[in-house]
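Under the numbering used here, the sequence shown has 230 at position 215, and the numbering climbs by one with no breaks.
For glycine and all other residues, C-beta sits at the position ideal for the given N, C-alpha and C.
None of these values were measured; they are calculated from a predicted model.
Encoded as structure tokens, the structure appears first; notes follow it.
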Amino acid sequence: MGYSPLLTDLYELTMLAGYLEQDMAEKHAVFDLFFRTNPFQGGYAVFAGLEPALEYLEGLCFQSDELAYLRGLGLFSERFIEFLREFRFRCSVTAPPEGAVVFANEPLLTVEGALAEAQFVETALLNIINFQTLAATKAARILHAADGAEVIEFGLRRAQGPDGGLSCARAAYVGGVRSTSNVQAGMVYGLPVRGTHAHSWVQAFSDELAAFRAYADTFPDSTVLLVDTYDTLKSGLPNAVVVARELRAKGHELRGIRLDSGDLAYLSRESRRMLDEAGFSQVKIVASNELDEFVIDSIRDEGGRVDIYGVGTKLSTCAGAGGGALGGVYKLVAVDGLPRLKVTSDMAKATLPGQKRVLRAVAPDGGFVQDVICLEQDQPRLGETVYDPCNPLQHTTLPKDVVLHELRQEVMVSGGRTVAAESLEVMSERCQRELARLPRGCLRFINPHRYKVSISGKLNDLRARLIAKVLDQGA
Numbered sequence: 016m017g018y019s020p021l022l023t024d025l026y027e028l029t030m031l032a033g034y035l036e037q038d039m040a041e042k043h044a045v046f047d048l049f050f051r052t053n054p055f056q057g058g059y060a061v062f063a064g065l066e067p068a069l070e071y072l073e074g075l076c077f078q079s080d081e082l083a084y085l086r087g088l089g090l091f092s093e094r095f096i097e098f099l100r101e102f103r104f105r106c107s108v109t110a111p112p113e114g115a116v117v118f119a120n121e122p123l124l125t126v127e128g129a130l131a132e133a134q135f136v137e138t139a140l141l142n143i144i145n146f147q148t149l150a151a152t153k154a155a156r157i158l159h160a161a162d163g164a165e166v167i168e169f170g171l172r173r174a175q176g177p178d179g180g181l182s183c184a185r186a187a188y189v190g191g192v193r194s195t196s197n198v199q200a201g202m203v204y205g206l207p208v209r210g211t212h213a214h215s216w217v218q219a220f221s222d223e224l225a226a227f228r229a230y231a232d233t234f235p236d237s238t239v240l241l242v243d244t245y246d247t248l249k250s251g252l253p254n255a256v257v258v259a260r261e262l263r264a265k266g267h268e269l270r271g272i273r274l275d276s277g278d279l280a281y282l283s284r285e286s287r288r289m290l291d292e293a294g295f296s297q298v299k300i301v302a303s304n305e306l307d308e309f310v311i312d313s314i315r316d317e318g319g320r321v322d323i324y325g326v327g328t329k330l331s332t333c334a335g336a337g338g339g340a341l342g343g344v345y346k347l348v349a350v351d352g353l354p355r356l357k358v359t360s361d362m363a364k365a366t367l368p369g370q371k372r373v374l375r376a377v378a379p380d381g382g383f384v385q386d387v388i389c390l391e392q393d394q395p396r397l398g399e400t401v402y403d404p405c406n407p408l409q410h411t412t413l414p415k416d417v418v419l420h421e422l423r424q425e426v427m428v429s430g431g432r433t434v435a436a437e438s439l440e441v442m443s444e445r446c447q448r449e450l451a452r453l454p455r456g457c458l459r460f461i462n463p464h465r466y467k468v469s470i471s472g473k474l475n476d477l478r479a480r481l482i483a484k485v486l487d488q489g490a
């Protein structure tokens, strides 16, 4: 999917023009993209959107009609328009692989190169990474709640526009939801597509049984019947059983029934009982209707017998406490080799200066213990003190029995990719492996365990020195 360079905020272009006029466009700069709070008040996030982000960066150039539009705004000089005509992204990018489990305050993407180029891509990178990471995280939470049951992404009709529908289907796959009702997403990303029929299908016929029979005649090997148009247990289920018998007599089998209203825990239990008693234990029960991780969790707690969950609105809009938007930011951390720091009265919003690495401490059993952010040339020692990035007065020590692994790798150098594109399958499998290595408490929906993300002593000292310098200048 191609992205126009005009997918940006106006201030990126005005800053770009200013850098050109001030002869600053080629200054060496480093930017970090990160978020400050784990989404959904949860214990983790799932990194997604890297592949479309790299596609955007590789293809970044201004077409003639786009330059004509900018010229027509009357804001920019002809020199700047000509500068944009030759503008390309030639920076380097460091990032985790898609599907990796990540946490608040640690750099995800780091972009290094000419100030003009590194600055300009801010808005588009945030747009791509913020939403896809949020959607992948929501999908992972929903899949965890389903506890082995299949989940289908049903959210296109409530998604935030056509691109939101496509992006959600892709990101949901990274998070573990491996099928969608979105046919375009099926074509674009190679996703399995699934679906049944609407209530309007049933209403279009003289009666429910006639509607079920017509659908089964049309799709004898993939029939899933929506049984709640009139009365689930008194009408829908009995009619579905009639059609199931008729299909079996013709050498076919009913694939499933769908519940889209009412008490899904109770109805799924009763549906399972009625289907089993009629000899159709193989028929799957699909549930939909405003589902999210909390509703699915409650259905399971109440003994529901759902085999497949169709999750729409709450997934495609990333709804829920702490959802809606990831809140990722893109901050300048170095210019011409000198660290830069944003200082604010809120310590939690002070940035981490300098070019950095992110290390993950892994226990002997393979479990993730904590992450440590350090300066690029720093190598934290096991047993040393590390500090909370939001409150330096809180500190802990790196365990002595862990192994430190690099969380990120260089994925682009001088504007060219250095790693091959991965399949969504590989990303999804990585996500499930990494979630399994987290402390179990991180997966809780209520009051999850707080996974430690720390900064090294040297990075903590650098930030303290820079803060003191800024305060002295303002005194």
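Considering only the alpha carbon of each residue, which of the options lies closest to residue i?
i	options	result
Glu317	Val418, Leu248, Ser283	Ser283
Ser276	Asp246, Phe295, Gly205, His410	Asp246
Arg432	Ala129, Phe102, Glu113, Glu66	Glu66
Leu477	Pro404, Pro368, Glu421	Pro368
Gly430	Leu374, Phe50, Lys364, Cys76	Cys76
Arg491	Val242, Arg480, Leu69, Leu413	Past the boundaries of the shown model lies residue 491; the chain is included only from 16 to 490, so the question cannot be answered.
Phe175	Asp403, Arg156, Gln147, Val192	Residue identity differs from the one stated: residue 175 is Gln in this sequence, not Phe. Minimum Cα distance to Gln175 is reached at Gln147.
Val136	Pro379, Cys446, Leu31, Arg452	Leu31
Ile143	Ser92, Gln78, Gly381, Glu70	Glu70
Val428	Phe102, Val108, Ala213	Val108
Val166	Ser19, Gly381, Leu141, Gly210	Gly210
Ala68	Tyr18, Gly338, Ser296, Asp380	Tyr18
Where do the N-terminal and C-terminal ends of the alpha helix (DSSP H) with residue i fall, by residue?
i	result
Lys153	137-161
Tyr281	279-292
Tyr84	79-87
Asp316	308-316
Asp232	223-233
Leu450	439-452
Gln394	Unbroken run through Gln394: none, as it is neither H nor E.
Ala259	252-264
Leu99	93-100
Leu330	328-331
My understanding is that residue i touches residue j, with C-beta atoms under 8 Å, so please give their C-beta distance in whole angstroms.
i	j	result
Val298	Leu290	5 Å
Ala376	Leu419	6 Å
Cys333	Ala150	6 Å
Leu206	Ala186	Actually they are not in contact, since the Cβ atoms of Leu206 and Ala186 sit about 11 Å apart, beyond 8 Å.
Tyr324	Leu306	6 Å
Leu330	Glu168	6 Å
Thr238	Leu262	7 Å
Glu27	Gln199	Contact flag wrong, Cβ pair sits at about 29 Å.
Leu88	Tyr345	Incorrect: roughly 24 Å between the Cβ atoms, too far for contact.
What is the residue span of the beta strand (DSSP E) that residue i lies within?
i	result
Phe49	43-49
Ala302	299-302
Thr23	Premise fails: Thr23 is in no beta strand (DSSP E) and is neither H nor E.
Tyr345	344-350
Within its chain, find whatever has a CB closer than 8 Å to the CB of residue i; leave out the 5 residues flanking it on each side and keep chain order.
i	result
Gly456	Gly58, Pro463, His464
Lys371	Asp47, Pro122, Thr125, Val348, Ile388, Cys389, Leu390, Glu391, Leu474
Gly472	Pro395, Glu399, Thr400, Val401, Tyr402
Helix, strand or coil for residue i, going by three-state DSSP, please let me know.
i	result
His507	Residue coverage of the chain in this structure runs from 16 to 490, which leaves residue 507 outside it and unanswerable.
His420	strand
Glu168	strand
Met427	strand
Pro177	helix
Phe55	helix
Leu206	coil
Ile482	helix
Gly338	coil
Asp476	helix
Val198	helix
Does residue i come within less than 8 Å of chain C when only Cβ atoms are used?
i	result
Phe309	Of the protein chains in this structure there is only one, and it is not chain C.
Going along the chain, which residues of its own chain have a beta-carbon closer than 7 Å to the beta-carbon of residue i, five neighbours each way excluded?
i	result
Glu132	Phe104, Arg105, Cys106
Met39	Leu130
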